[in-house]
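There are 2 protein chains.
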Amino acid sequence: MSTTPLPPDAEAILRGDRRALGKGLTCAEAMDDEALALLDALWGSTGRARRIGITGPPGVGKSTLASGVIRAHRALGRSVGVLAVDPSSPLTGGALLGDRHRMGAEAGDPNVFLRSFGSRGSTGGLSRAAPFALDLLDAAGFDVVLVETAGVGQTEIEVATSADSVAVVLSPESGDAVQAMKAGLIEIADVLCVNKADREGAEAMAEALEGMLDRAPPAPWRPPVVRTRALEDATALFEALEAHGTWLLEGGRIEERRRRGLRGRLRTLVHALLAERLLAGRDALLDARAGEAAGKRRSLLDAARSTVEEILR
Amino acid sequence: MSTTPLPPDAEAILRGDRRALGKGLTCAEAMDDEALALLDALWGSTGRARRIGITGPPGVGKSTLASGVIRAHRALGRSVGVLAVDPSSPLTGGALLGDRHRMGAEAGDPNVFLRSFGSRGSTGGLSRAAPFALDLLDAAGFDVVLVETAGVGQTEIEVATSADSVAVVLSPESGDAVQAMKAGLIEIADVLCVNKADREGAEAMAEALEGMLDRAPPAPWRPPVVRTRALEDATALFEALEAHGTWLLEGGRIEERRRRGLRGRLRTLVHALLAERLLAGRDALLDARAGEAAGKRRSLLDAARSTVEEILR
Chain A
310 MSTTPLPPDA EAILRGDRRA LGKGLTCAEA MDDEALALLD ALWGSTGRAR RIGITGPPGV
370 GKSTLASGVI RAHRALGRSV GVLAVDPSSP LTGGALLGDR HRMGAEAGDP NVFLRSFGSR
430 GSTGGLSRAA PFALDLLDAA GFDVVLVETA GVGQTEIEVA TSADSVAVVL SPESGDAVQA
490 MKAGLIEIAD VLCVNKADRE GAEAMAEALE GMLDRAPPAP WRPPVVRTRA LEDATALFEA
550 LEAHGTWLLE GGRIEERRRR GLRGRLRTLV HALLAERLLA GRDALLDARA GEAAGKRRSL
610 LDAARSTVEE ILR
Chain Z
310 MSTTPLPPDA EAILRGDRRA LGKGLTCAEA MDDEALALLD ALWGSTGRAR RIGITGPPGV
370 GKSTLASGVI RAHRALGRSV GVLAVDPSSP LTGGALLGDR HRMGAEAGDP NVFLRSFGSR
430 GSTGGLSRAA PFALDLLDAA GFDVVLVETA GVGQTEIEVA TSADSVAVVL SPESGDAVQA
490 MKAGLIEIAD VLCVNKADRE GAEAMAEALE GMLDRAPPAP WRPPVVRTRA LEDATALFEA
550 LEAHGTWLLE GGRIEERRRR GLRGRLRTLV HALLAERLLA GRDALLDARA GEAAGKRRSL
610 LDAARSTVEE ILR
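Chains as they are written, first to last, in this note's numbering: chain A, 310 to 622; chain Z, 310 to 622.
Encoded structure:
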């Protein structure tokens, strides 16, 4: 924890200043030194918000569902901070517009704050930046912090695991559903949601998911399989997420879950800091070894190993 | 370069044994120790194939175009090895089927080899695995090695830059076109392809791309903007890629380009090897520091920095 007094930008975020929060999120997206300083200053003020992740392949109707979940929280008087890690999310107008364009009932509600992150950045950059953005929204005092990601890749899994409760949304129309299962998305789900439940194949998909859960090793929490219709409402999803949240609060489960998530984040951060420290000023060495590999004087692996030896010598 | 005799699996791949190649590609996808040993053994036999990358957002018709480009190479008697880093590519039946199902005129042609990679793996894992798969296809003796990736993320960019010539395909219907530009996909293009050129907005998109190129700083190669219709043929794309290939072969340009690509791959490999070496056996340390960050006794950044100090001490 920083022992120096809070920098003005961190203080403004804690006060609920939306402009300062927006600026902080821009730093978070870049994950630059300023972002790290802000993370450091605000760390002690995080951990109060309930963090929800909604993920799944593109086109399954996640944004509409997320919108319904947000409204349900608002109806209970809870403020909601939203991060959409999805360039095409209609929830935020899409990162590509780069604006604060909002849709639906959230528009103009001062207790809902929406922000999107694009998909650009260094490899794994988003996996580091998104959890930090959730920290900022948390420190800014929102009761609920919701992150929406779209995809079936590793980034989605890493971002989602920094939430307390994760809903994985699938639809019977999505050709990516099998892929989502293969990619390990099912394993991170606290709630499984079959959206477009009125379409053909929805019930079969829900039953297949139940079957998978039947065959899985017994776990303290069995993810419920909920059916939703995007055009109707998201009540079933909201309620399942609430039930998981209540369960987490019993017997210190939430602390254990967050500690596990932090272990992963710490490992990623240590990786990045180690590489930064050890590769600084080593461009000439890397260039020389790459030239040797290109000229077939060494294999690429040999070049990498000898570079590592030289760095650690 | 390995000084020991070639292991039998490496020798079989060099002989053109397709079963051995398939097994090698499975190792490559996992990027395990066996894969690294194979890369080491085959390194001296890579660099002969012409490497082509075709990328762009999902749904723009890349696979159909790739199929056309493959046929054009076959018509000139060239053998083609294909890697589809796209779980939904119809070119390979999709990684999710996990089979060798083929489509179109390529089916049954012994001089075309198709393989798909899923999107699962450690963060950045695919960025390391895919270039190595191209090395294997190269060492196996294919005249042309083609990689298709779908998306507008960093993985696509890293995979594509391990090709000699990269075509970025966009379509007027794709809402991701602006996103593709923002994500830096345009910057890596050697050929820009507006597919579905008969649809509304195609000409405007092509002109917008030309305008972007006009405003870009002068470069030794200006990417041509070609118009294709997926249902017709891919001749214009094939010819533009051929022209770029010919240009690369003049005055050692291809060597410089490959050296640049290797620098990036070497850096990624060194990163991974460093982290593996330095974090081995450090689980207890990471757990302790994560616990301190979770308990707010330190910030996450402070925990990471102190872990790095302890590792490097």
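Every residue, glycine too, gets a C-beta built ideally from N, C-alpha and C.
**Request:** Taking a Cβ distance cut-off of 9 Å, strictly less, list which residues of the stretch 603-617 of chain Z are near chain A, in chain order.
**Result:** Ala-603, Gly-604, Lys-605, Arg-606, Arg-607, Ser-608, Leu-609, Leu-610, Asp-611, Ala-612, Ala-613, Arg-614, Thr-616 and Val-617
**Contact set between Glu-564/A and chain Z, taken where Cβ atoms lie within less than 8 Å** = Ala-603
**Message:** If you reduce the DSSP assignment to three classes, tell me which class Thr-470/A lands in.
**Reply:** coil
**Message:** Does Lys-505/Z pass the burial test, meaning 16 or more other C-beta atoms within 10 Å, or should it be called exposed?
**Reply:** buried
**Prompt:** In this structure, what does DSSP give as the bridge partners for Val-617/Z?
**Reply:** Looking at the DSSP assignment, Val-617/Z forms no beta bridge with any residue, so it has no partner.
**Request:** Look at Val-478/Z and Leu-557/Z and say whether their C-beta atoms are less than 9 Å apart.
**Result:** no
**Prompt:** Relative to the alpha-carbon of Ala-442/Z, which residue among Pro-526/Z, Leu-588/Z, Arg-591/Z and Lys-332/Z has its alpha-carbon at the smallest distance?
**Reply:** Lys-332/Z
**Asked** How is Glu-601/Z classed by DSSP in three states: helix, strand or coil?
**Response** helix
**Asked** Is the distance from the Cβ of Leu-578/A to the Cβ of Ala-476/A below 9 Å?
**Response** no
**Asked** Which residues in chain Z sit within 8 Å of Ile-620/A, going by Cβ to Cβ distance?
**Response** Val-579 and Leu-583
**Request:** List the residues that DSSP assigns as beta-bridge partners of Phe-422/Z.
**Result:** Gly-390/Z
**Item:** Where Arg-598/Z meets chain A, residues with beta-carbon distance less than 8 Å
**Value:** Leu-575
**Message:** Using C-beta distances below 7 Å, list every residue in its chain close to Ala-404/A, excluding the 5 sequence neighbours before and after it, in chain order.
**Reply:** The predicted position of Ala-404/A is uncertain, since its pLDDT is 37 and thus under 50; a value taken from the coordinates is nonetheless stated next. Taken in chain order, the residues that qualify are Pro-396, Ser-425, Phe-426 and Gly-427.
**Under 7 Å from the C-beta of Leu-587/Z: neighbouring residues of chain A** = Leu-583
**Request:** Look at the alpha carbon of Gly-520/A and the alpha carbon of Arg-357/A, and state the distance between them as a whole number of angstroms.
**Result:** 36 Å
**Message:** Applying the 10 Å Cβ sphere with the 16-neighbour rule, what's the burial state of Arg-328/A?
**Reply:** exposed
**Message:** Does Gly-561/A come out as helix, strand or coil in the three-state DSSP assignment?
**Reply:** helix
**Proximal chain Z residues relative to Leu-595/A, where beta-carbon distance stays under 9 Å** = Arg-572, Leu-575, Arg-576 and Val-579
**Message:** Going residue by residue through the stretch 341-392 of chain Z, where are the continuous alpha helix (DSSP H) segments of at least 4 residues, counting only ones entirely within it?
**Reply:** 342-351 and 371-384
**Request:** Would you tell me roughly how many angstroms separate the C-alpha atoms of Ala-549/Z and Ile-495/Z, rounded to the nearest one?
**Result:** 16 Å
**Pair within 9 Å by beta-carbon distance, Arg-536/Z and Ala-515/Z** = yes
**Request:** Work out the CA separation of Asp-499/Z and Arg-324/Z for me, nearest whole Å.
**Result:** 33 Å
**Prompt:** Should Gly-390/A go down as buried or exposed, given a rule of 16 or more other Cβ atoms within 10 Å for buried?
**Reply:** buried
**Item:** Of the listed residues Arg-380/A, Val-453/A, Leu-621/A and Ser-436/A, nearest to Glu-465/A (C-alpha basis)
**Value:** Ser-436/A
**Asked** Does DSSP put Thr-335/A in a helix, in a strand, or in coil?
**Response** helix
**Request:** Give every residue of the same chain whose Cβ lies closer than 8 Å to the Cβ of Gly-493/Z, excluding the five residues on either side of it in the sequence, and list them in chain order.
**Result:** Ile-466
**Asked** Within the 9 Å Cβ cut-off, does Leu-348/A reach chain Z?
**Response** yes
**Request:** Just tell me which of Gly-554/Z, Asp-542/Z and Glu-512/Z has its CA closest to the CA of Val-534/Z.
**Result:** Glu-512/Z
**Asked** What distance in whole Å lies between the Cβ atoms of Ala-438/Z and Val-340/Z, which are believed to be in contact at a cut-off of 8 Å?
**Response** In the sequence as presented, Val is not what sits at residue 340/Z; that position holds Met. So it is a contact: roughly 5 Å between Cβ atoms.
**Request:** Put Arg-524/Z into one of helix, strand or coil per three-state DSSP.
**Result:** helix
**Request:** Put Thr-458/A into one of helix, strand or coil per three-state DSSP.
**Result:** strand
**Message:** For Gly-353/A, would you say it is in contact with chain Z, using Cβ-to-Cβ distances shorter than 9 Å as the test?
**Reply:** yes
**Prompt:** When the Cα atoms are used, what is the spatial distance from Arg-429/A to Pro-314/Z?
**Reply:** In this prediction, Arg-429/A has a pLDDT of 49, which is less than 50 and means its spatial position is unreliable; nothing more can be read from the coordinates.
**Message:** Can you give me the C-alpha to C-alpha distance between Pro-527/Z and Ala-543/Z, rounded to a whole angstrom?
**Reply:** 28 Å
**Asked** How about Val-378/A and Ala-459/A: do their beta carbons lie closer than 9 Å?
**Response** no
**Request:** Pull up the distance between the alpha-carbon of Val-456/Z and that of Ser-615/A, whole angstroms please.
**Result:** 30 Å
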